[in-house]
Amino acid sequence: MGSDVLILTIYFLVVIYVLYQMALSVENTLENKLKVDLNREALNTQVNLQLKQRTSNKQKITANVDQIEFEGRKFPPFLALNVTSHNDPEEEGMVVVEVGPSGKMPLAMSIRDLSVRIQNSTSDAQVFIDWDKSSVTSGMNRRTQRVVRSGIPISGGLPHSQLLTVINPRETFMGQVTGENCLSLDPDTQTLKAKRPLAEMIDVAEYITDMIEANARLYQGNDDIDIMEEVGSTLAYGLRLMVGIRQITYEQNSQTTYLMLPFEFEAILLADEIAFPPLRWLLKRPRPANARDALSTLLLGRPRL
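Under the working numbering, the first residue of the sequence shown carries the number 535, and numbering increases by one thereafter.
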């Protein structure tokens, strides 16, 4: 009788362990483990520094990074360029620039291209996008590539130059961009399309994990150091978008203000949880810390962090 109980106990422990490993595998694929956010401070600082150096009394532009919240939901942050009308100094229009994706992401996610949305709400200003002077940065090695618009049929190889995109007053541009090294020939359409990813979230997570482990060894025994805070975030991908803003005047002699907009997206690891739902529920129940650690050690072979 005693041996039967021991066998059943071992059997159930093995089943629980196998189910846990299966749940962990599914979790790593489907659940959000990373959070990618726009570096708002860097974008705001660099754009305003450029405006301070390049604008004149003939064209007044101010910039700020903003974010809309509606009914408890936060929408992605965007860059707002406030342009004073040349014809009426009391009138001010806005150029909204939004780049994505951002937010929580699973490890299995691959970023093949970035979305760009520019809304020109001014009444008398044109916005230009210079694709050839823009660049995309992929991965932690900060490798820079020339930006190429996605979704446009291209045959016979990658062109040496791309046409400027013009966004007239009250118009909106929406498109996808990628790096030229991510393109390959689509045999069905005989066009170049984004085939290779700009960034793999699993690689980003592994890089952050390596940094955490390296810092843990460096600060071993120093309980006053927060390892996660020391590691911070790492660049996942970025887009440096060259745009120009030009006032439309009757004399057609207004200047164009060119700005390099640095959209950098940084990733952090989210707090990990036990993957198997019953174990997650059990370990979250109010109980002494020692009991929680004992149960974690028994089932998982390690204390719960």
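Backbone N, C-alpha and C fix where the C-beta goes; we use that ideal spot for every residue, glycine too.
Separation of residue j from residue i, as counted between CA atoms
i, j, result
"E705", "S655", "7 Å"
"V631", "T712", "17 Å"
"P610", "T678", "24 Å"
"E747", "Y741", "10 Å"
"S636", "R651", "14 Å"
"S718", "R730", "8 Å"
"M702", "D600", "Just to set this straight, residue 702 is Asn in the shown sequence, not Met. Rounded to whole angstroms, N702 to D600 spans 23 Å at the Cα level."
"F604", "L540", "57 Å"
"G627", "S695", "31 Å"
"A733", "E800", "12 Å"
"V552", "E798", "40 Å"
"K667", "N715", "16 Å"
"N578", "A614", "10 Å"
"A750", "V570", "23 Å"
"M633", "Q587", "Met is not the amino acid found at residue 633; the sequence shown has Val there. Taking the straight line joining both Cα atoms gives about 24 Å."
"Q710", "W665", "12 Å"
"S537", "Y545", "12 Å"
"L639", "T699", "Rather than Leu, the amino acid found at residue 639 in this sequence is Met. So the alpha carbons of these two residues sit roughly 31 Å apart."
"N598", "D722", "44 Å"
"T783", "I602", "33 Å"
Neighbour flag for residue i against chain B, beta carbons, 8 Å
i, result
"S655", "No chain B appears in this structure, which consists of one protein chain only."
8 Å Cβ cutoff met for residue i and residue j
i, j, result
"M735", "L641", "yes"
"N621", "I595", "no"
"L769", "T671", "yes"
"S657", "S619", "yes"
"V581", "L795", "yes"
"S669", "V681", "yes"
"L568", "A739", "yes"
Contacting residues, own chain, Cβ-Cβ under 6 Å from residue i (five flanking each side not counted)
i, result
"K727", "D720"
"A659", "V617, I779, Q781"
"R646", "A728, P731"
Presumed contact (8 Å Cβ cut-off) between residue i and residue j, rounded CB distance
i, j, result
"Q789", "Q593", "6 Å"
"L697", "L773", "Not quite, the Cβ-Cβ distance comes to about 19 Å (not below 8 Å), so this is no contact."
Chain-order list of residues whose beta-carbon lies under 8 Å from that of residue i (same chain, five-residue window excluded)
i, result
"T743", "L803"
Cut-off 7 Å between Cβ atoms - residues of its own chain near residue i, not counting five sequence neighbours on either side
i, result
"R676", "L769"
"M643", "M735"
"V549", "none"
"S767", "E800, A801, I802"
"T543", "none"
Take every Cβ of the stretch 573–581, pair it with every Cβ of the stretch 773–781, and state whether three or more of those distances are shorter than 8 Å. no
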